[in-house]
Structures are given as structure tokens and as C-alpha cells.
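The number in UniProt numbering is simply the position in the sequence shown, starting from 1, with 74 added. Take a look at the structure below.
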Amino acid sequence: VRDTLRRVEASDVHGWCSVDGESALSRARELDKGRANEGDLPPLYGLPIAVKDTISVRDMPCTGGSRVLEGYVPSFDAPCVERLKAAGAVVIGKTNCDEFAMGSTTETSFFEQTVNPFDLSRTPGGSSGGSSAVVSNGEVPAALGSDTGGSIRQPASWCGVVGLKPTYGRVSRRGLLAYGSSTDCIGPMCTSVEDCAILLEAMAGHDPLDVSSLDAPVPEYAKLVDQFLNNKESLSGRPLSKMRIGLLKETLDDGEGRMQPAVMAAFKDSLSVFKALGAELIEVDIPNLKEYCAAYYITVMSEASSNLAKYDGIRYGLRTSSEDPRAKRVMVDSRETGFGQEVKQRILLGTFALSAGYSDAYYKKAQKMRAALASNFERVFELVDALILPTAPTTAYRLGQFKENKVETYIDDLLTVPASLSGLPALSVPCGISAEDLPIGLQIVGKPLDELRLLQIGAGYD
Ligand code: GLN
75 VRDTLRRVEA SDVHGWCSVD GESALSRARE LDKGRANEGD LPPLYGLPIA
125 VKDTISVRDM PCTGGSRVLE GYVPSFDAPC VERLKAAGAV VIGKTNCDEF
175 AMGSTTETSF FEQTVNPFDL SRTPGGSSGG SSAVVSNGEV PAALGSDTGG
225 SIRQPASWCG VVGLKPTYGR VSRRGLLAYG SSTDCIGPMC TSVEDCAILL
275 EAMAGHDPLD VSSLDAPVPE YAKLVDQFLN NKESLSGRPL SKMRIGLLKE
325 TLDDGEGRMQ PAVMAAFKDS LSVFKALGAE LIEVDIPNLK EYCAAYYITV
375 MSEASSNLAK YDGIRYGLRT SSEDPRAKRV MVDSRETGFG QEVKQRILLG
425 TFALSAGYSD AYYKKAQKMR AALASNFERV FELVDALILP TAPTTAYRLG
475 QFKENKVETY IDDLLTVPAS LSGLPALSVP CGISAEDLPI GLQIVGKPLD
525 ELRLLQIGAG YD
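Below, the structure written as C-alpha cells:
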């Protein structure tokens, strides 16, 4: 823990919103004492971890990258944090993110700009950009991120780390600041697939206090991944020989040129690796893949407009004092000062998409598309065990690119949002490096609750 704190101190990537060295050290001392008494080490004994600032950790500030939550210090641990702590992990601090996780570059945060350890003039991706940056920079071995439409996978890919978005409901989302509640997920970001397996195993499982939590047994991911890497096929160099891997036509033929050539090349190279590892590659089709981006943004903005109504300057965080003490004035002023531009715009668009007279054309239409996508995935997963596709169409943006053309950055989420809309698990693993030395990631998407297979494929490929 002391070593971690030294590295955090020396870092130049600005990945943290808050660090609590004192409590991390005292927790580490407590663990040391326990060890002297009991002898047995808990599985994550003394593991320093970072937690995205959208996730509640007891007695640490939780801002979600927003000024509106200035001064809010939750009195409880999110169940995922509680479980990691119980397994011996030590929380070092909270990591920076786009405001309420709305963004792809960590640039909408109220805090200072986090940068990419591979190139300090670029973004680490987002919204979990603080988590990906501090793991990639070697400050902590593991971090938690949250992913509504790609926020674990895309920053993992841009910073050259591994990120897992579990099946919707696999990890309790209680204690996560809600953005798009119907797709919000918490997951691990680490330097290896095996580490993601260890963290997922510690965090996953039913939470009766989260209505969307799944009541399904939690496999021993870490042990089963290890066994897989040591089975007969793996030892003979063909770990994927029983896997049917699907390739989406839409990602192989990039008619519109949205995919950077370096990303395309790395992805195509990885296909020969998959083949060499024994996988059977099968072409499948999800028509109009790109259009789901629109359905995603309509859905999450609508949900956000409702979820963010509770930040009224009365119950939590920032309260702007005004001459006029009436509640309505306090609410309007606090929200006006507390929320940033992007969040305000999304609340307005979401309110519009839900309003009488427009909801049929926008919100309800988006839900119909979501249902169509789910049946497309069902059809595809009858033919294959998992799908592979690039995680993002480009490498890390330069700082400022998001502001220059916001709609383009929304569209660049096209490869991560489909799994989100259908609640499917998806793992991003590094698959190459561009001529400019920027990491490129590959995404493996699976059936609901099929995280084990994704981890096995990822570990076999890695
Ligand atoms: N970039 C997407 C958005 O802004 C995804 C963000 C996320 O997954 N939290 O909504």
C-alpha cells in the first residue's frame, strides 16, 4: 500500500478525484494484525484497488465527476466494494470519470483532465478513464469501472488494459450513481484476464436489495480459467479448438470508413491468431449495427433525465445559496451551478424524448429497436459461442476532439452499445498497437451469464 501511494504521488496522468492514503494504510495495518492472529490470508489480501467515483465507498467522497455532488460522502459501501474489502482488498481512492459517466473521454468531468499514459496529449477514453489510466500507469493492479454503453471497455482498450462488462445484473449496481439504469453495470479493469476473473468472482452474486440483480450461482472463475489454460488442448497450443467464434459482417466490411486502418489491421491480424489457436471462425450478421447507437442514446438520456432529478441541492451535495430561499429557487440554482454542459444537454434531450407527443417517435421506438436487437443476438448465439469485434473504431482521441464533434464521438460507441442494450457480457483485451504507439483493443461478447467462456477465450488469446 505504501508503495502504491508513492506511485500515485509521482503520477502525471491525473487519474484520481480523491486518494485516502491514511485510511488505506490503517486498513493495511488492520489486515496485517488479522494475519498474525489467524494465519489464513483472504484471497485479495492487501490488494490495492481504485474505485471509479460513480461507486459508493464508505467515508470517501463520491462525486461522479460532478460539482453537484461536491461534499457528498456516502455512509455505506456499494456491495461490490463491501465484497472486495471482505476479500482483503484495500481501497486507495476514487478515480476520475466523465460527469455521471456521460462521455467517452473523461473530459466532461468537473475535475482536472486525466490523460493517457501512452501519450499525455490524448484522452484515456471514458467514462472510466481515471480507472484505466491508473491501472495502465502501474499505480494500482486493479480498478473498478462502470459501463453503461462502453465505459469500461473503451477506456480499457485505449489504455492497453483488460476490462470486463459483466452481464447486466451479475454484479449488484446498488451504490452506483444511476445513469442509464437499464444498462448500468460495474466491472473490473486489470492488467490481465486472470486478474479480472479473480475480481469478478469476489464481486458477483445476488443482492436482494437490487431489483435487477440476478440470482444465479457464481462460478469459480479464477480456478476454472486456470484449469482451462492447463487442459490438454491449451497445453498443445490450441486452447480455442472447441470454440465457435462469430465475426460480424458489419465490422469486417467498413464501407463508411469509420474504422481507423490501424484498428482494422490489428483486428484482422488477431483473426489469424484465433485461427492458429484452434477457433472456428464463422461469419454472422446483425443488420444495421450502427443504428443501435441512436437507440442507445435515446434510451440512456431518457433514463438519465429521470435518474438525475434527485440532485436538487436539498438532499445531497452542492446547495447554492440564493437571496430567495424558496425551495424551487434553491433547486434551480443548485442544478444550474452544479451540472456541467453535457449533463444539462442530456437531461433536456431525455426529457424531450419522454414527453407526451414525442415518446412514441423516440423513446418507444428505441425500445422496439432494443427488442429487435435482442432477437438478433439470440439468433446469432445459436450459431456461435461468442462474437469478436474491435472494441472501438479508433485509437485514443487527442484532447479536445470530443468538443469539436460530439455527435461523431457518440457514433464511435457503435461497437460497444449493442452488448449494453442487450445486457450481454463483454470483455475487452489488448490486441495490438498502432504506428503511433497507441493501444488497440478487441472485444469478446457472449451470451447472458457466459462470463466464464469470455474469460477463457480472452485468457487463451492473451
Ligand atoms: N459514451 C457513452 C455515453 O456517453 C457510454 C458511457 C458509459 O458507458 N457510461 O453514454
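Every residue, glycine too, gets a C-beta built ideally from N, C-alpha and C. Computed from a prediction, not measured in an experiment: that's the story for all the values here.
Kindly list the residues whose CB is nearer than 6 Å to the CB of Pro293, restricted to its own chain and excluding five residues on each side of it in sequence; keep chain order. If we look at Pro293 and ignore the five residues flanking it on each side, its Cβ neighbours are Leu526.
Decide if the region 402 to 409 is in contact with the region 366 to 381; the criterion is three or more beta carbon pairs, one per stretch, under 8 Å apart. They do not touch, by the three-pair rule.
Is Cys270 helix, strand or coil when you go by DSSP? Assigned with DSSP and collapsed to three states, Cys270 falls in helix.
By alpha-carbon positions, which one of Leu283, Pro313, Gly212 ends up nearest to Ser266? Measuring from the Cα of Ser266, the nearest candidate turns out to be Gly212.
By Cβ distance below 8 Å, which residues in the same chain neighbour Val208 in space, the five residues on each side in sequence not counted? Here the set comprises Val82, Ser85, Val87, Gly89, Trp90, Ala124, Thr169, Val214, Ala217.
What alpha helix (DSSP H) runs, 4 residues minimum, are completely inside the region 101 to 146? Complete alpha helix (DSSP H) runs here, min 4: none at all.
Inter-stretch contact at 8 Å, needing at least 3 Cβ pairs: the region 314 to 324 / the region 271 to 282: No, because fewer than three Cβ pairs between the region 314 to 324 and the region 271 to 282 fall closer than 8 Å, the two stretches do not touch.
In three-state DSSP terms, what is Leu512? Here Leu512 sits in coil by DSSP.
Runs of alpha helix (DSSP H) wholly within the region 356 to 387 (minimum 4 residues, chain order): Runs of the alpha helix (DSSP H) inside the region 356 to 387: 366 to 381.
Straight-line Cα distance separating Val235 from Tyr385: In this structure, the straight-line span from the alpha carbon of Tyr385 to that of Val235 is close to 33 Å.
Do Ser202 and Ser225 have their C-beta atoms within less than 8 Å of each other? For Ser202 and Ser225, yes; Cβs fall inside 8 Å.
Between the beta-carbon of Cys259 and the beta-carbon of Asp221, is there less than 8 Å? Going by C-beta atoms, Cys259 is nearer than 8 Å to Asp221.
Which residue wins for smallest C-alpha separation from Gly331, given the options Pro116, Asp486, Lys107? Considering only Pro116, Asp486, Lys107, the residue with the shortest C-alpha distance to Gly331 is Asp486.
Here's the rule I'm using: 16 or more other beta-carbon atoms within 10 Å means buried, otherwise exposed. How should Arg305 be labelled? Looking at the sequence provided, one finds Asn at residue 305 rather than Arg. With fewer than 16 other Cβ atoms inside 10 Å of its own Cβ, Asn305 counts as exposed.
Less than 8 Å between the CB atoms is what I'm expecting for Leu355 and Lys349, so what's the real figure, rounded? Contact flag correct, Cβ pair sits at about 6 Å.
At which residues does the beta strand (DSSP E) containing Ser220 begin and terminate? In the DSSP annotation of this structure, the continuous segment of the beta strand (DSSP E) that includes Ser220 starts and ends at 216 to 221.
Considering only the beta carbon of each residue, do Cys505 and Ile518 sit closer than 8 Å? No, the Cβ-Cβ distance between Cys505 and Ile518 is not below 8 Å.
Unbroken stretches of the beta strand (DSSP E), 3 residues or longer, contained in the region 387 to 466: Runs of the beta strand (DSSP E) inside the region 387 to 466: 460 to 464.
Name the residue from Gly497, Arg472, Val165 whose alpha carbon lies nearest to the alpha carbon of Gln187. Selected option, being the one with the closest Cα: Arg472.
Inter-residue Cα distance where the pair is Glu456 and Phe150: Going from the Cα of Glu456 to the Cα of Phe150 covers about 42 Å.
Looking at the strands, I want to know which residues DSSP matches up with Ser92. DSSP output for Ser92 lists Lys168 as bridge partner(s).
Contacting residues, own chain, Cβ-Cβ under 7 Å from Glu324 (five flanking each side not counted): Excluding residues within five positions, the ones whose Cβ falls inside 7 Å are Ile360, Leu363.
For Pro492, report the span of its alpha helix (DSSP H) as first-last. Bounds of the alpha helix (DSSP H) holding Pro492 are 491 to 495.
Is it the case that the CB of Ala383 approaches a heavy atom of the ligand GLN more closely than 7 Å? The answer is no for Ala383.
Starting from the C-beta of Glu387, find all residues in its chain whose C-beta is less than 6 Å away, skip the five residues before and the five after it, and write them out in chain order. A small correction: the amino acid at residue 387 is Gly; Glu does not occupy that position in the sequence shown. Hits under 6 Å: Arg393, Val404, Met405, Ser408.
Return the CA-CA distance between Ser433 and Ile421, expressed in angstroms with no decimal places. Ser433 and Ile421: Cα-Cα distance of roughly 15 Å.
Cα-Cα, which of Gly520, Leu516, Ala509, Glu510 is closest to Leu498? The shortest Cα separation from Leu498 among Gly520, Leu516, Ala509, Glu510 belongs to Gly520.
When you compare only the Cα positions, how much space is there between Met338 and Ala401? Cα to Cα, Met338 sits roughly 54 Å from Ala401.
Kindly indicate which three-state DSSP category Asp193 falls into: helix, strand or coil? Judged by DSSP in its simplified three-state form, Asp193 adopts strand.
Give the list of continuous alpha helix (DSSP H) stretches no shorter than 4 residues that lie fully inside the region 239 to 317. The region 239 to 317 contains these whole alpha helix (DSSP H) runs: 267 to 277, 295 to 303, 306 to 309.
Suppose contacts are defined by Cβ-Cβ distances below 8 Å. Is Ala230 in contact with Ser502 by that definition? In this structure, Ala230 sits near Ser502, with a CB-CB distance shorter than 8 Å.
Assuming contact is defined by CB atoms lying nearer than 8 Å, are Pro122 and Val75 in contact in what I supplied? For Pro122 and Val75, yes; Cβs fall inside 8 Å.
If I'm right that Leu489 touches Ala466 with Cβ under 8 Å, what's the distance once you round it to whole angstroms? The pair is a contact, with the Cβ atoms about 6 Å apart (cut-off 8 Å).
Give the straight-line distance between the Cα atoms of Met277 and Glu482, rounded to the nearest whole angstrom. Roughly 35 Å separates the two Cα atoms.
Name the one or two DSSP bridge partners that Ile518 has. The partner list for Ile518 (beta bridge, DSSP) reads Ile462, Leu501.
Coil, strand or helix - Leu321 by DSSP: The answer is strand: DSSP assigns Leu321 an E or B state.
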